[in-house]
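At position 84 of the sequence shown (counting the first as 1) the number is 84 in UniProt numbering, and the numbers step up by one without a gap. From the three backbone atoms N, C-alpha and C, an ideal C-beta is built for every residue, glycine too. Written out below as structure tokens is the structure these notes cover.
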Amino acid sequence: MSRPDKSSLVSVQAVTLNNYLLTSAVVVLYWDYLLTLPDEIKLYWQGKQKILSWAPVFFFVNRYLALLGHIPVMIEFFTKLPEST
């Protein structure tokens with residue numbers, strides 16, 4: 001079996017580093033979400049906010065689209081596609 005050339009080894013290392021950095025960023029995002037969830041429940045879910053006010057709408061859109069938007073990115077990065085022939 002032949003040894004891989006240096007450029008392919010560098011590419012594999014770059015992809016691996018990219019995956020590690022993406023994973024750590026997403027972990028920090030979800031950790032922050034879990035840390036602030038009790039305050040969110042107390043202030044928004046149990047508060048006397050108007051349901052149709054713009055502030056809670058912007059808050060929820062900003063918070064949950066950011067959380068859900070990373071799921072397809074993680075799937076794309078960590079799913080191996082079959083090699084085309």
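- The way I'd put it, the segment 75 to 83 doesn't touch the segment 27 to 34; fewer than three beta-carbon pairs between them come closer than 8 Å.
- Look at Glu83 here: in three-state DSSP terms it is coil, with no helix or strand label.
- Rounded to the nearest whole angstrom, the CA to CA distance from Leu65 to Thr23 is 18 Å.
- Boundaries of the alpha helix (DSSP H) around Asp32: Lys6 to Glu40.
- Per DSSP, the unbroken alpha helix (DSSP H) holding Arg63 starts and ends at Trp54 to Phe78.
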